[in-house]
Structure formats: structure tokens, C-alpha cells
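The sequence shown begins at 93 in the working numbering and counts up by one. Cβ coordinates follow ideal geometry from the N, Cα and C atoms, glycine included. Step one of this worksheet: look at the structure below.
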Amino acid sequence: MLHEGGCVCGAVRYRTEGLPLRVTACHCTACQKRTGSAFGVGAYYKAEQVQKLRGELATYEHRSDESHRWLRFEFCPKCGTQVFWTLEALPGVRAVGLGTFDDPKWLKVTRFGWYRSAHPWVKAPDGVEVFETSSLPPPTRP
Ligand SMILES: [Zn+2]
Ligand SMILES: [Zn+2]
């Protein structure tokens, strides 16, 4: 099962293979900022399921003020679309911005993260797993 997508200007194109591990809508304030929207939605894949076909990606590393772990946003330097991101908390996993798929409706959201900071008009759909804070595994203490 192959799906393709890319950024707004078309410079970056990618292909995914198979189903993602999960599709998470994140309502944390950092995702509200980075998207300029009310929440971010990512399809999380094993890194080897995602193949970049063309284009360059710039990266920005953000550190969570809560977990202090990094998130690396990968975006098209031309049009600014955030195409992928990776997380310290999920090694070997790459998230794909749901809205960048050519057919963004082929997947359904399975999780709501950081629901406590969701906008008051946002309601979790039936069957979605809801997390008041992070849906990620807790940091491991050395
Ligand atoms: Zn672009
Ligand atoms: Zn978030």
C-alpha cells in the first residue's frame, strides 16, 4: 500500500509504504504554534516506511519545556510546509504531517494528545484514545 505526498510548493515529495503505527492529533501549545493552527496531526511510521523522493528539507530542533526531550521539525525551506518530524522519545519513528498527503483523508486519527490544552470547541471523536498530557512513553531515567 503506497501513498504519496509533498509540500505546498511541490519541491518536496515523499512516499509511504503500509499503515502507520498511529495517527495522533496533538493539542499541545507547541503544536498550536508550529502549525499556526488549533492542533497538529501526524501519522507515525517506522522510519523505513517513509521515503523522500525529492527536495531538500531544513530542520529545526525544539526542546519540550515539559519533558526536555527534542523534537526535530523537517520543513521545506521554500514554502515552509512542515512535512516530517522525528522525536527523541520515539527512536526509529518518523512522523508525516497528515495534511501533506495527496489524499489526506485516507487515514483517521487514533489518538488525541495534550487534550488538557485543546481549544474548548474541540471534542474527541468516538473511539479515539485520549491523553490529557503526552501520549508518548515517559522518559527513562538512567
Ligand atoms: Zn515546498
Ligand atoms: Zn504537540
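Beta-bridge pairing of V214 - partner residues as DSSP gives them: The partner list for V214 (beta bridge, DSSP) is empty, contrary to what the question assumes.
Chain-order list of residues whose beta-carbon lies under 7 Å from that of V220 (same chain, five-residue window excluded): V201, T202, R203 and F204
Contact check, G134 vs T192, beta carbons under 8 Å: no
6 Å CB neighbourhood of T178 in its chain, flanking five on each side removed: R164 and R186
Cβ-based burial, C101 [other Cβ within 10 Å; buried from 16]: exposed
Spatially closest choice to T225 from A117, D218, G110 and P112, by CA coordinates: A117
Complete runs of the beta strand (DSSP E) confined to the region 174-215 [at least 3 residues]: 174-179, 185-189 and 203-205
Contact set, ligand 1 heavy atom to C-beta under 6 Å: C99, V100, C101, A103, V104, C168, K170, C171 and T173
Expected contact under 8 Å - CB spacing of H119 and S227 to nearest Å: Rounded, the Cβ-Cβ distance is 10 Å, inconsistent with contact.
Simplified DSSP state of R126, which is helix, strand or coil: helix
Continuous beta strand (DSSP E) stretch holding H154: start and end: A150 to R155
Run of the beta strand (DSSP E) containing R146, from where it starts to where it stops: V142 to R146
Cβ neighbour criterion (16 or more within 10 Å) applied to W206: buried
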